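Each residue of the sequence shown is one higher than the last, beginning at 205 in this note's numbering.
Every residue, glycine too, gets a C-beta built ideally from N, C-alpha and C.
Keep in mind it's a predicted model, so treat the numbers as computed, not measured.
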Amino acid sequence: MSSVVRVELGSRGYDINIGKALVDVMSTAGCGRTALLVSDSNVDVLYGDECEKVMVSLGFSVERVVVPAGESTKSFEYAVKLYDAALRGQLDRSAYVVALGGGVVGDLAGFVAGTYLRGIKLIQVPTSLLAMVDSSVGGKTAVNLPQGKNLVGVFYQPQEVAVAMDTLRSLPEREYISGMAEIVKYGIIFDAEFFELLEKHADALRGRDYDVLSQVVARCCEIKAEVVAADEREGGLRAILNYGHTLGHAIENSCGYGTLLHGEAVALGMVYAGELSAASLGLGRKAADRVTNLLEALGLPISKSSLPAELGWEKLRSIMSADKKAEKAVPTFVLASEIGKVKFGCKVDEEMLLSAWSAMT
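Here's what the structure looks like:
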C-alpha cells in the first residue's frame, strides 16, 4: 500500500511517494522530455534497467550515466562529468535529472540539476535508508571539498521524491544499519513518542520488517517535511536536523570519507551531543543513556574504540572549526533538554567540549 507525504513549500512544494516498487512510486509525466538518469556503479546494476523502463513508460527519453560508488564521487570533478553528459544529451531547460541511488548520488545529481542552465527539474529516487529518510528530502544539495563535507552547494527542491521500499532488500547490512542513525535523530529532535516506537521495535527494524519499516520511513519523511516547510533554507528551525552532525562530520573528515559511514559517524556524534546536553542543558542521565542504548540495539557504534587509535581530540576539534555551521571558527551544536526537544546554535566552552569527549567510553 502506497502513501504520500506532502512537502508544503508553495509553488515549490512536492510529494514524497512511498510504496513497494519503483513502478508504484514514480509518477511524473515525461511528455517527451529528456531525462539524465544518474546512478552509481552499485545501484545501476540492480535498478538502472528497471528505473529506465519505468521512465520510458512515463514518457521520458532517457540518457543514462553511471558514476563510481563512494563519497569521493561527490566532487567538482564528477559534477563536471555530469555537465558534459547533459550537454552530450542535449538537455535543455525542459529536461530532468533523475537521481537513482543513495545520498552521494542524490547530492551530486541534485547539485548538477540546480546549477546546469541555472536549474532544471529534479526527481529524487533514493535507494538507501539514509537517503529515503533524510538526504533526498528538503532540497539540500552539495559537493565536498578536501577541507570538509558539503561545503559547496545549493538549496534546490525536487519535483518529486519516489521511495520504493523494495530497494532496501538489496542494501548491504552495514549501509542499512547506518541509515538508522538519522531515524533515531528524528525521535530525539522532534518526537518523543516516535523515539519510544523505535525502542519498542528495534528488533523488527534490524530485521527489515516491511510493515514497521514503511511506517518509520513515512514518519521520518513527515517530520522532515514539517521542518523544511517551516524553514526551507536553514535560517532557524531546520538547524535541528544537524543533531550529532557537528562531531559526526569531523569524524568522517578525519577518518577519510568511507572509512566510517555517515550514519556511523553521526551515531558517535549523537552520543557526544548527549554528553554535552547532559552537562549544559540538563538532559537527564537516563535519557542520554536511552539514546546510547537504542543506537547500540540498532547495531550502530557508540564507543570511541570504533575510531582509529591515532584519531585524537585535537584533530577533531580543529576540523570542527571549519564546519559550515561554525561561527568565526567556534563550533555550534544542537543539544537536547529532553528527548523530543532540542535547542540549536548552542556554543559550549572549551573545557566542557573536552570533558564531554573524555566522558565517552
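Practice prompt. Have a look at the DSSP bridge pairing and note the partners of S207.
Written response: S207 has I222 as its beta-bridge partners, per DSSP.
Discussion item. Our contact map puts A563 next to E479 with C-beta atoms below 8 Å; I'd like the distance itself, whole angstroms only.
Written reply: That pair is a contact at about 5 Å.
Worksheet entry | Other residues of its chain near L304: CB distance less than 8 Å, five sequence neighbours each side excluded | Cβ within range, chain order: L241, V242, S243, V247, D248, Y251, G252, C255, V329, T331.
Worksheet entry | Cβ shell of R268 (< 7 Å), same chain only, five flanking positions each side left out | So the qualifying residues of the chain are L241, G252, E256.
Worksheet entry | I381 in three-state terms, based on DSSP | For I381, the secondary structure class from DSSP, reduced to helix, strand or coil, is helix.
Worksheet item: When DSSP builds the beta bridges, which residues end up paired with R268?
Response: R268 is bridged to L241.
Worksheet entry | Any 3 or more C-beta pairs closer than 8 Å across the region 521 to 528 and the region 443 to 458 | At 8 Å Cβ cutoff, the stretches touch.
Worksheet entry | Limits of the beta strand (DSSP E) - the one that L349 falls within | Boundaries of the beta strand (DSSP E) around L349: 344 to 349.
Worksheet item: Which value, in whole angstroms, describes the spacing of the CA atoms of G223 and M369?
Response: Looking at the two C-alpha atoms, the distance is approximately 6 Å.
Worksheet item: Which partner residues does I359 have in the DSSP bridge list?
Response: According to the sequence displayed, residue 359 carries Phe and not Ile. As DSSP reads the structure, F359 sits in a beta bridge with K344.
Fill in: Beta carbon of V538 nearer than 8 Å to that of Y447
When the beta-carbon positions are compared, V538 and Y447 come within less than 8 Å of each other.
Discussion item. One question on the structure: do Q361 and Y218 come within less than 8 Å of each other, judged by their Cβ atoms?
Written reply: Closer than 8 Å, so yes.
Discussion item. Between which residues of its own chain and A533 is the CB-CB distance below 7 Å, once the five residues before and five after are set aside?
Written reply: In its chain, beyond the 5 residues on either side, S525 have a beta carbon closer than 7 Å to the beta carbon of A533.
Practice prompt. In angstroms with no decimal places, state the Cα-to-Cα distance between M474 and K389.
Written response: Answer to the nearest angstrom: the Cα atoms are 8 Å apart.
Worksheet item: If we count the other Cβ atoms within 10 Å of its Cβ and call it buried at 16 or more, is D338 buried or exposed?
Response: Buried, since its Cβ has 16 or more Cβ neighbours within 10 Å.
Worksheet item: Below 8 Å, can you find three or more Cβ-Cβ pairs linking the region 537 to 557 to the region 371 to 382?
Response: Output reads no: the region 371 to 382 does not touch the region 537 to 557.
Worksheet item: Below 8 Å between beta carbons: does that hold for A492 and S481?
Response: Note that the C-beta distance between A492 and S481 is below 8 Å.
Worksheet item: From the DSSP output, which residues share a beta bridge with F537?
Response: Per DSSP, C550.
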